[in-house]
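One structure below.
Numbering (my numbering), first residue to last: -14 to 78.
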């Protein structure tokens, strides 16, 4: 399972994501792809995001948490590693 959530993304990126994934809510895309395709989709997100947008991609992996995620863009939430677990910390405003 692969989930991509974008905020303030340009229409071109949203259209490109809709070509590979199903948009189940505004800015929320879901699909089921291999690692190689997932990496290609993330590259497209990084190239098309622009300076105002932000994105997160989550996918299933066989680890203690059961998932892995990447983030891009400006957001108060930032991933931090805590003893091998990936958690989310909030930046001060």
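For each residue, glycine too, the CB sits at the ideal point set by N, CA and C.
Check                                                                                                                                                                                           : Outcome
Identify, in the order they occur along the chain, each residue of the same chain with its Cβ nearer than 7 Å to the Cβ of residue 34, setting aside the five sequence neighbours on each side. : -6, -2, 40, 57 and 58
Below 8 Å on the Cβ atoms is my guess for residue -9 versus residue 16; work out the distance and round it to an integer in Å.                                                                  : That pair is no contact at about 14 Å.
What is the rounded straight-line gap between the Cα of residue 71 and the Cα of residue 1?                                                                                                     : 28 Å
With DSSP collapsed to three states, give me the class of residue 64.                                                                                                                           : strand
Taking 7 Å as the limit between beta carbons, can you name the residues of its chain near residue 75, skipping five residues before and five after?                                             : 61 and 62
Roughly how many angstroms lie between the CA atoms of residue 22 and residue 78, to the nearest whole one?                                                                                     : 35 Å
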